[in-house]
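Chemist: I'd like to ask you about the structure that follows.
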Amino acid sequence: MGLFSRLFGKPKQQVIPQVEPVEYKDFLIYQEPIAENGQFRVAGRITKEIDGELQTHRFIRSDLVSSKADAEE
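Oh and the sequence shown: position 24 is 90 in our numbering, straight run, nothing missing.
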């Protein structure tokens, strides 16, 4: 029964943590590090409201760091 409930059951809701943005020159920068093979990749999104429309740019850096705290610096 466990196999079928996992295959056909409801998907678990994904929890998206709420991150406080850092403000820089009218931009809001959200830190969203990505866990990868026991390390963390520096990533996030940058948003700014232009003419009443929210513009968003996602970024992922190529470097890896050893802790989540280092990735959020």
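Heads up, the beta-carbon is just placed ideally off N, CA and C, and yes, glycines get one too.
Can you tell me which of 121, 105, 118 puts its alpha carbon nearest to the alpha carbon of residue 134?
Modeler: On the sequence shown, residue 134 is found 68 positions in, with the first residue counted as 1. Here the closest residue by C-alpha is 105.
Chemist: Alpha helix (DSSP H) containing residue 136: first to last residue?
Modeler: Taking the sequence shown and counting its residues from 1, one reaches residue 136 at position 70. Where residue 136 is concerned, the enclosing alpha helix (DSSP H) stretches over 134-137.
Chemist: Could you check the C-alpha separation between residue 127 and residue 102 for me, to the nearest Å?
Modeler: Within the sequence shown, residue 127 is the residue found at index 61, counting from 1. Within the sequence shown, residue 102 is the residue found at index 36, counting from 1. If I take the Cα positions, the gap works out to 13 Å.
Chemist: Beta strand (DSSP E) containing residue 110: first to last residue?
Modeler: Counting from one through the sequence shown, the residue named residue 110 turns up at place 44. Taken as a continuous stretch (DSSP letters only), the beta strand (DSSP E) holding residue 110 covers 105-116.
Chemist: Among 87, 119, 100, 94, which one has its Cα closest to the Cα of residue 130?
Modeler: Indexing the sequence shown from 1 puts residue 130 at position 64. Selected option, being the one with the closest Cα: 100.
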